[in-house]
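Notes follow once the structure below has been shown.
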Amino acid sequence: ELDGGRYVTSSIVVARTPDVVGFNASVHRLMLVPGVGFAIRVVPRHLYRVITLNRKARKPTPIAIAIGVHPLVLLAASTSPAYGVFELEGFKELSGSPLCISLTPKYAIPVPSLSSVIIEGAVTLKDVDEGPFVDLLGLYDAVRSQPLIKVEAIYVSNDDIPFHVILPGGIEHRLLMGIPREALIWRTVSEVIPRVAKVRLTDGGGGWLHAVIAIDKQSEGDGKSAIMAAFAGHPSLKHVVVVDSDIDPGNPIEVEWALATRFQAGRGLVVVRHARGSTLDPSSFNGVTDKVGIDATAPIRDRSKYVRPRVPGKEV
1 ELDGGRYVTS SIVVARTPDV VGFNASVHRL MLVPGVGFAI RVVPRHLYRV
51 ITLNRKARKP TPIAIAIGVH PLVLLAASTS PAYGVFELEG FKELSGSPLC
101 ISLTPKYAIP VPSLSSVIIE GAVTLKDVDE GPFVDLLGLY DAVRSQPLIK
151 VEAIYVSNDD IPFHVILPGG IEHRLLMGIP REALIWRTVS EVIPRVAKVR
201 LTDGGGGWLH AVIAIDKQSE GDGKSAIMAA FAGHPSLKHV VVVDSDIDPG
251 NPIEVEWALA TRFQAGRGLV VVRHARGSTL DPSSFNGVTD KVGIDATAPI
301 RDRSKYVRPR VPGKEV
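Position 94 of the sequence shown, counted from 1, bears residue number 94 in my numbering, the numbering being contiguous throughout.
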């Protein structure tokens with residue numbers, strides 16, 4: 001009820017990268033600016049870089065906006081590959097089939113052919129107020145000065161393709177934000193730990209701030225190494241819990257059990273003060289936060305004290 005205006009929440013914005021040959025696709029919320037277009041919320045990632053480079057050259061940024069697409073297209077657009085890698089190419093890896101692409105009439109920007117709506121326009125050199133709006137943690141995001149999009153053309157499909165809406169702070173929002181980051185955390189932790197069993201970003205942390213990581217521990221320092229690698233891989237993380245691979249990170253009861261039986265603060269607590277965090281966390285100061293890592297893995301010595309009983313024929 002306190003939203004700053006009418007919003008489109010499932011829009012995929014595609015732009016040409018000015019400094020390398022390629023395109024960038026990412027999901028953004030768009031606030032309607034009547035008579036002009038939209039205010040777009042842009043955080044300092046790849047599209048921000050594209051817009052900034054063009055603005056330094058005093059140029060607008062031509063874009064295409066795709067709305068109402070296959071769910072795996074939305075997931076592909078939510079990933080963060082290296083700059084210059086077109087995110088929508090990941091659709092083939094996710095679905096097993098290539099994505100059917102069309103070029104927009106005015107700017108020749110590649111968009112999914114099967115889209116409910118395609119909008120062409122440009123990110124202007126002007127900023128306007130955007131927000132407030134409910135974000136990932138179910139809280140109202142602040143009003144910020146954000147780039148203004150001028151809409152130049154709208155194309156609507158004649159086919160019966162649903163117009164998709166992402167509920168702000170809902171499970172779909174958390175999954176689209178969290179799944180790609182789980183993969184990123186898994187990759188960065190795997191660089192320092194021989195085997196990472198599973199990574200979960202928790203619902204209570206908005207699929208963004210809190211991670212539980214299960215590892216096969218090889219040495220006593222592995223738990224803390226995993227914590228620091230996770231913080232490096234996903235800087236927005238605030239709390240990380242590392243458990244053994246016999247604990248399911250997606251089961252909060254098992255994770256709490258590991259805390260109760262395998263964690264001692266004197267040897268397993270890691271505190272990082274005044275580090276870069278997430279601006280979504282209202283307790284942070286301009287995105288600077290204190291982070292906590294918990295090593296809830298069992299000591300390698302005398303592991304017999306930590307063996308979990310198993311009933312034959314039944315998984316515990």
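Note that the Cβ used here is the ideal one computed from N, Cα and C, for glycine as well.
Compute the Euclidean distance between the alpha carbons of ALA229 and ILE51, then round it to the nearest angstrom. As a position in the sequence shown, residue 229 is number 229, starting the count at 1. As a position in the sequence shown, residue 51 is number 51, starting the count at 1. Answer to the nearest angstrom: the Cα atoms are 30 Å apart.
For VAL240 and GLY293, which I take to be in contact (beta-carbon distance under 8 Å), what is that distance rounded to the nearest angstrom? By 1-based counting over the sequence shown, the position of residue 240 is 240. By 1-based counting over the sequence shown, the position of residue 293 is 293. With a Cβ gap of about 5 Å, VAL240 and GLY293 count as contacting.
Going by DSSP in three states, THR261 sits in which element: helix, strand or coil? Looking up residue 261 in the sequence shown gives position 261. Residue state, collapsed to three classes: helix.
What is the C-beta distance between ALA39 and GLN146, in whole angstroms, given that I count them as a contact (C-beta under 8 Å)? To locate residue 39, count along the sequence shown from 1; it is residue 39. To locate residue 146, count along the sequence shown from 1; it is residue 146. Confirmed, Cβ separation roughly 5 Å.
Quick one: what does DSSP say HIS46 is sitting in, helix, strand or coil? As a first step, residue 46 must be located in the sequence shown, where it is residue number 46. The answer is helix: DSSP assigns HIS46 an H, G or I state.
In whole angstroms, give me the CA-to-CA distance for PRO105 and GLU120. Residue mapping note: residue 105 aligns to position 105 of the sequence shown, counting from 1. Residue mapping note: residue 120 aligns to position 120 of the sequence shown, counting from 1. GLU120 has its alpha-carbon roughly 9 Å from the corresponding atom of PRO105.
Sufficient close CB pairs (3 or more, under 8 Å) joining the region 181–188 to the region 26–46: With the cut-off at 8 Å, the region 181–188 and the region 26–46 do not touch.
Does the region 138–145 come within contact of the region 93–105, defined as at least 3 CB pairs closer than 8 Å? When C-beta atoms of the region 138–145 are compared with those of the region 93–105, fewer than three pairs fall below 8 Å, so the two segments do not count as touching.
If I measure Cβ to Cβ from ARG58 and keep anything under 8 Å in the same chain, skipping five residues before and after, which residues do I get? Residue numbering aside, residue 58 sits at position 58 when the sequence shown is read from its first letter. The residues are LEU125.
Simplified DSSP state of SER283, which is helix, strand or coil: Here residue 283 refers to the residue found at position 283 when the sequence shown is read from its first residue. Reduced to three states, the DSSP call for SER283 is coil.
So what's ASN54 in DSSP terms, helix, strand or just coil? Position 54 of the sequence shown, counted from the start, is the residue given in the question as residue 54. Three-state result, ASN54: helix.
Could you work out which residue in LYS217, GLY68, VAL212, ALA66 is closest to PRO252 when comparing CA atoms only? By 1-based counting over the sequence shown, the position of residue 252 is 252. Checked all of LYS217, GLY68, VAL212, ALA66; the closest Cα to PRO252 is VAL212.
Closest residue to ALA197 among PRO60, SER115, ILE247, SER219 (Cα-Cα distance): Taking the first residue of the sequence shown as position 1, residue 197 is located at position 197. Residue ILE247 is the option with its Cα nearest to ALA197.
Quick one, are the C-beta atoms of GLY37 and LEU148 less than 9 Å apart? What you label residue 37 is simply residue 37 of the sequence shown in a count that begins at 1. What you label residue 148 is simply residue 148 of the sequence shown in a count that begins at 1. Contact check for GLY37 against LEU148 passes: the beta carbons are separated by less than 9 Å.
Beta-ladder partner(s) of SER26, from DSSP: Looking up residue 26 in the sequence shown gives position 26. Partner(s): VAL13.
Excluding five sequence neighbours on each side, which residues of the same chain lie with their C-beta closer than 7 Å to the C-beta of THR61? Along the sequence shown, read from residue 1 onward, the residue named residue 61 stands at position 61. Within the same chain, THR61 has close Cβ partners ALA15, VAL50, ILE51, ASN54, ALA122, VAL123.
Below 8 Å, how does it come out for the region 106–119 and the region 41–50: are there three or more Cβ pairs, yes or no? The region 106–119 vs the region 41–50: no contact.
Pop quiz: HIS164 and LEU114 are said to be a contact at Cβ under 8 Å. What is the actual Cβ separation, rounded to whole angstroms? Here the question's residue 164 lines up with position 164 in the sequence shown. Here the question's residue 114 lines up with position 114 in the sequence shown. That pair is no contact at about 12 Å.
Using only alpha-carbon positions, find the residue among ASP302, ALA77, MET177 that is nearest to LYS92. Within the sequence shown, residue 92 is the residue found at index 92, counting from 1. Nearest of ASP302, ALA77, MET177 to LYS92, Cα basis: ALA77.
Using DSSP's beta-bridge definition, name the partner residues of ALA66. As a working mapping, residue 66 is identified with position 66 in the sequence shown. Note: ALA66 is bridge-paired with ILE12, ILE118 in the DSSP secondary-structure output.
Any idea what DSSP makes of ASN129, helix, strand or coil? What you label residue 129 is simply residue 129 of the sequence shown in a count that begins at 1. The question names Asn, but residue 129 is Asp in the sequence shown. Note: ASP129 maps to strand in three-state DSSP.
Taking buried to mean at least 16 other C-beta atoms within 10 Å of its own C-beta, is PRO34 buried or exposed? Against the sequence shown, residue 34 aligns to sequence position 34. Around the beta carbon of PRO34, fewer than 16 other beta carbons lie within 10 angstroms, which makes this residue exposed.
Using a C-beta cutoff of 9 Å, does LYS59 count as contacting chain D? Protein chain content of the structure displayed is limited to a single chain, and chain D is not contained in it.
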